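Trainee:
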Amino acid sequence: MLKQQLAALQREIEELANEPDDALEHYTLPRPPPPKGLYWRLRWLAARTLRLLERLRLKPYHPWPPALRHAPGRIGAKPLLIWALGADRETLRKACTAFAKHPIADYAPVLVTDVADFAFYSRLGWLIEFVPEISGVGESYARRKTRFLARLYRGAAVLPLAAGLDIETHQDEIRSWVLRRA
Amino acid sequence: MSSSGRPTILFFNINGTGLGHLSTCLAYAHRLRERARPVFFSLASAVDKIHDMGFEADYLVSHAWSRASNLHWNRQLSLRLGLLLERVRPNVLVFDGTWPFRGMLHAAAAHGIPRMVWSNLRLYKQGVRTVPVSESNFDLVVRLGEIGDSFNVEREARPGRRVTVPPVTLLRDDELLARDDARAALGLDRGGRYALLSLGPGNLKDVSGIGRGLIDEFKARGFTVVWTRPPITVKDVPLPDDVVPIAVYPLARYMRAFDVFVGAAGYNTCCEVLQSRVPTLFVPNTLVVDDQTLRAHRVAESMPAVVSPCETATERADAVTRLLERVASASGGSAPLRAVDLSGADRAADEIAALLEAPG
């Protein structure tokens, strides 16, 4: 049953990731031009050198590392998405606390949520991907951001929030599911 | 223009050592809510506080918390800000922070935001490097004045009109609870003797040692100690059982519940102290770019306040003694409080509102 849930969620997110959003390409940041002043020019040069080393695979390439600076986990940790859209606050807290008690080595949790419970999140030390609904024009903001995140984390392991509630029972199953995604 | 017919203002606040940048944006938005629809893009992990004030918000992990390189973080910023810009189509973007990010400037230009505002502090420590971003990228630059500063137009021409505003407070004076009301709201005894300790989230500077020492000092002098737990704290300081933890925002609303206050000398804290007039012991954070020590000393010239690093037991004992002496002499009427202009948020809001009406 749990395996089916996990596979279904993974499929759902892959489908979302396959929906393009060409309009956003407009906002792709170009490489920076050299700044003025010796200090800033040296910093710019150092950044260019690092990018070159990444391209040559002489330095690991981690464009969006999931582990935060102040939290345990190394820069190369893989993202483990906790998909928590539509959850209520109490369930979310309970499940996240359970996930936090059972970390998976070399993975850093990324909480995808529409619940604004940031004081709790700050103490968790996880990367938070917030998906609010914001009124305005065009497509639903929450839906468009969800698709953006699905593309950003394409291929990453995803767990539904409910897995956290069952983690004591299904710990091995969840772990092996995540590790198989590597 | 929003569905309400009001123009939309997008506030973009960075994540500082505390909630200062967020508070400044909220102060402006609070004054503008009748004239515009404020929406937030926050790098501070306190979105629920923005919701509590009645505004919509999105969040991106700050560059200070993320391990992404500067380039990659700015790329994410530009894309995500682009998402929000397309949805809310703001008439004005107000950035509050030290350094206008490249990703933000790119997204704003790509979207074609009609007006840009940069709000920033004035009081930096000597030797802090100038940010290599031209003020001409902005239609308006608002510089946050310190105690004693009045409204001043430093440069008239746009783009880059630059004004200094008096100190900015999030709440208006009449929104601060009176002493008994604040105590009732926090569940404190009306007749108690309370010291509020709010030394910051401790994310940049470990405040646990200083905090424990000050707790002992105040307890020894008959105070019940109340300790704030800021929403963006990543690790709470363990507290003795007889210390009362509180998690409230904005703190200014409840400040008058306390007989004395202990806090770092960040911009917003100093403004809140000036507004509430609660006798204060300032423990400046010297690891940040703004000159908290100088700011604290200036505040101490206007009201009962003392300044100390409180690093050693002797310094803490001396600081608390001096504070209580100043409290005693102030209650005896020997040192009248000096009136201070705290209308900065209103002045800045008027300047931003004027942009909405200015011809293109």
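Here the protein sequences line up with chains A and B, keeping their order. Numbering follows this note's numbering, in which position 1 of the first sequence is assigned residue number 27; successive positions increment by one, without gaps. Numbering follows this note's numbering, in which position 186 of the second sequence is assigned residue number 310; successive positions increment by one, without gaps. Ideal Cβ placement from N, Cα and C applies to all residues, glycine included. Note that this is a predicted model, so its numbers are computed, not measured.
1) Based on DSSP bridge pairs, tell me the residues matched to K104 (chain A).
2) For the beta strand (DSSP E) containing A49 (chain A), name the first residue and the last one.
3) Would you say R149 (chain A) lies against chain B (beta-carbon separation less than 8 Å)?
4) DSSP on D365 (chain B), reduced to helix/strand/coil?
5) Starting from the C-beta of T222 (chain B), find all residues in its chain whose C-beta is less than 8 Å away, skip the five residues before and the five after it, and write them out in chain order.
6) Decide yes or no for the touch test of the stretch 407 to 424 of chain B against the stretch 148 to 168 of chain B: beta carbon pairs closer than 8 Å, at least 3 of them.
7) At a cut-off of 7 Å, would you count V431 (chain B) as near the ligand GDP, judging by its Cβ distance to the nearest heavy atom?
8) Check the Cβ of L64 (chain A) against every Cβ in chain B and list those closer than 9 Å, keeping chain order.
9) Alpha carbon to alpha carbon, what distance is there between A371 (chain B) and T352 (chain B)?
10) Evaluate I39 (chain A) with the Cβ neighbour count: other Cβ atoms within 10 Å of its Cβ, from every protein chain shown; 16 or more gives buried, anything less gives exposed.
11) With a floor of 4 residues, list each alpha helix (DSSP H) that falls wholly inside the stretch 116 to 192 of chain A, ordered by position along the chain.
12) Using a Cβ distance threshold of 8 Å, determine whether the stretch 142 to 150 of chain B contacts the stretch 224 to 239 of chain B, with at least three qualifying pairs required.
13) Below 9 Å between beta carbons is the criterion; list the residues of the stretch 169 to 180 of chain B that meet it against any residue of chain A, in chain order.
14) Spatial neighbours of W473 (chain B) within its chain, please: C-beta separation below 6 Å, excluding the five flanking residues on both sides.
15) Verify the CB distance criterion: does W351 (chain B) have a CB-CB separation below 8 Å to chain A?
16) Examine the Cβ distances between the stretch 122 to 138 of chain A and the stretch 89 to 101 of chain A and report whether three or more of them are shorter than 8 Å.
17) Ignore the nearest five residues each way along the sequence and tell me which others in I101 (chain A)'s own chain have a CB closer than 8 Å to its CB.
18) Decide yes or no for the touch test of the stretch 348 to 362 of chain B against the stretch 292 to 307 of chain B: beta carbon pairs closer than 8 Å, at least 3 of them.
19) From H488 (chain B) to F136 (chain B), what distance separates their C-alpha atoms?
20) What residue does the alpha helix (DSSP H) around D297 (chain B) start on, and which one ends it?
21) List the residues of chain A that G206 (chain B) touches, going by C-beta distances under 8 Å, in chain order.
22) Among residues of its own chain, excluding the 5 on either side of I334 (chain B), which ones have a beta-carbon nearer than 6 Å to its beta-carbon?
23) At which residue ranges does the stretch 359 to 416 of chain B contain complete beta strand (DSSP E) runs of 3 or more residues, listed in the order of the chain?
24) Check F219 (chain B) in the structure and name its three-state DSSP category.
25) L167 (chain B) by DSSP, collapsed to three states: which one?
26) Would you decide whether G269 (chain B) is buried or exposed? Buried here means 16 or more other CB atoms lie within 10 Å of its CB.
27) Buried or exposed: where does M240 (chain B) fall if 16 or more other Cβ atoms within 10 Å of its Cβ makes it buried?
28) Helix, strand or coil: how does DSSP classify R207 (chain A) here?
29) Any Cβ of chain B within less than 8 Å of the Cβ of A145 (chain A)?
30) Would you kindly check if the distance between the Cβ of Y378 (chain B) and the Cβ of L310 (chain B) is under 8 Å?
31) Below 8 Å on the Cβ atoms is my contact criterion, and I expect P214 (chain B) with I133 (chain B) to pass it. Report the Cβ-Cβ distance as a whole number of Å.
32) Would DSSP call D172 (chain B) helix, strand or coil?
33) Per DSSP, what kind of secondary structure is E278 (chain B) in: helix, strand or coil?
34) Check each residue of the stretch 179 to 199 of chain B: if its Cβ is closer than 9 Å to any Cβ of chain A, include it; give the result in chain order.
35) What is the C-beta distance between V265 (chain B) and R282 (chain B), in whole angstroms, given that I count them as a contact (C-beta under 8 Å)?
36) Examine chain B for any beta-carbon lying closer than 8 Å to the beta-carbon of V163 (chain A), and answer yes or no.
Mentor: Short version:
1) If you number the first sequence from 1, residue 104 (chain A) lands on position 78. Looking at the DSSP output, K104 (chain A) sits in a beta bridge with A:Y133.
2) Here the question's residue 49 (chain A) lines up with position 23 in the first sequence. No beta strand (DSSP E) contains A49 (chain A), which DSSP labels as neither H nor E.
3) In the first sequence, residue 149 (chain A) corresponds to position 123, counting from 1. Yes, contact with chain B.
4) As a working note, residue 365 (chain B) is residue 241 in the second sequence. In this structure, D365 (chain B) counts as coil in the three-state DSSP scheme.
5) The residue labelled residue 222 (chain B) in the question sits at position 98 within the second sequence. Here the set comprises I138, N244, L245, V255, V413.
6) No, the stretch 407 to 424 of chain B is not in contact with the stretch 148 to 168 of chain B.
7) This structure simply doesn't include the ligand GDP, nor any ligand for that matter.
8) The residue you call residue 64 (chain A) lines up with position 38 of the first sequence. Using a Cβ-Cβ cut-off of 9 Å, L64 (chain A) is close to nothing in chain B; its nearest Cβ partner there is about 12 Å away.
9) Within the second sequence, the letter at position 228 stands for residue 352 (chain B). Within the second sequence, the letter at position 247 stands for residue 371 (chain B). Answer to the nearest angstrom: the Cα atoms are 6 Å apart.
10) Working through the first sequence from its first residue, we reach residue 39 (chain A) at position 13. Classification of I39 (chain A): buried, given that the 10 Å Cβ count is 16 or more.
11) Counting only runs of 4 or more, we get 144 to 150, 167 to 178, 188 to 191.
12) Under the three-pair Cβ rule at 8 Å, the stretch 142 to 150 of chain B does not count as touching the stretch 224 to 239 of chain B.
13) Residues S169, A170, V171, D172, K173, I174, H175, E180.
14) Counting from one through the second sequence, the residue named residue 473 (chain B) turns up at place 349. Here residue 473 (chain B) is Ala; the residue named in the question, Trp, does not match the sequence. Y152, R155, L156, listed in sequence order.
15) Residue numbering aside, residue 351 (chain B) sits at position 227 when the second sequence is read from its first letter. No - not a single Cβ of chain A is within 8 Å of the one on W351 (chain B).
16) Taking 8 Å as the limit for Cβ pairs, the verdict is that the stretch 89 to 101 of chain A does touch the stretch 122 to 138 of chain A.
17) For the purposes of this step, residue 101 (chain A) is identified with residue 75 of the first sequence, where counting begins at 1. Taking I101 (chain A) as the centre and dropping the five residues before and after it, the same chain places the C-beta of P86, H88, P91, A93 closer than 8 Å to its C-beta, in chain order.
18) Inter-segment contact for the stretch 348 to 362 of chain B and the stretch 292 to 307 of chain B is absent: fewer than three beta-carbon pairs are separated by less than 8 Å.
19) In the structure as shown, chain B starts at 125 and stops at 484, and residue 488 (chain B) therefore has no counterpart that could be examined.
20) On the second sequence, position 173 is the one that residue 297 (chain B) refers to. Counting along the chain, D297 (chain B) falls outside any alpha helix (DSSP H), and DSSP gives it neither H nor E.
21) Along the second sequence, read from residue 1 onward, the residue named residue 206 (chain B) stands at position 82. Neighbours of G206 (chain B) on chain A, chain order: L50, H52, Y53.
22) Reading the second sequence from its first residue, position 210 is the one you call residue 334 (chain B). C434.
23) Unbroken beta strand (DSSP E) runs of no fewer than 3 residues, entirely contained in the stretch 359 to 416 of chain B, are found at 368 to 370, 384 to 387, 404 to 406, following chain order.
24) Residue 219 (chain B) sits at position 95 when you count from the first residue of the second sequence. Strand, per DSSP.
25) To locate residue 167 (chain B), count along the second sequence from 1; it is residue 43. Of the three classes helix, strand and coil, the one that applies to L167 (chain B) here is coil, per DSSP.
26) Within the second sequence, residue 269 (chain B) is the residue found at index 145, counting from 1. Counting Cβ neighbours within 10 Å, G269 (chain B) comes out buried, since at least 16 surround it.
27) Position 116 of the second sequence, counted from the first residue, corresponds to residue 240 (chain B). The residue in question, M240 (chain B), is buried, as its Cβ has 16 or more Cβ neighbours within 10 Å.
28) In the first sequence, the residue the question calls residue 207 (chain A) occupies position 181. Note: R207 (chain A) maps to coil in three-state DSSP.
29) As a working mapping, residue 145 (chain A) is identified with position 119 in the first sequence. Answer yes: the Cβ-Cβ gap between A145 (chain A) and chain B drops below 8 Å somewhere.
30) Counting from 1 along the second sequence, the entry for residue 310 (chain B) is found at position 186. Counting from 1 along the second sequence, the entry for residue 378 (chain B) is found at position 254. Taking a C-beta distance under 8 Å as the contact criterion, L310 (chain B) and Y378 (chain B) qualify as a contact pair.
31) The count along the second sequence starts at 1 and reaches residue 214 (chain B) at position 90. The count along the second sequence starts at 1 and reaches residue 133 (chain B) at position 9. With a contact defined as Cβ atoms closer than 8 Å, P214 (chain B) and I133 (chain B) qualify at about 6 Å.
32) Start at 1 with the first residue of the second sequence, and residue 172 (chain B) comes out as number 48. Secondary structure of D172 (chain B) (DSSP, three-state): helix.
33) Indexing the second sequence from 1 puts residue 278 (chain B) at position 154. Of the three classes helix, strand and coil, the one that applies to E278 (chain B) here is strand, per DSSP.
34) Cβ contacts with chain A come from E180, A181, D182, Y183, L184, V185, A188, W189, S190, R191, A192, S193, N194, L195, H196, W197, N198, R199.
35) Locating residue 265 (chain B) in the second sequence gives position 141, counting from the first residue. Locating residue 282 (chain B) in the second sequence gives position 158, counting from the first residue. About 10 Å separates the two Cβ atoms, so there is no contact after all.
36) If you number the first sequence from 1, residue 163 (chain A) lands on position 137. Yes, V163 (chain A) lies at the interface with chain B (some Cβ there is under 8 Å from its Cβ).
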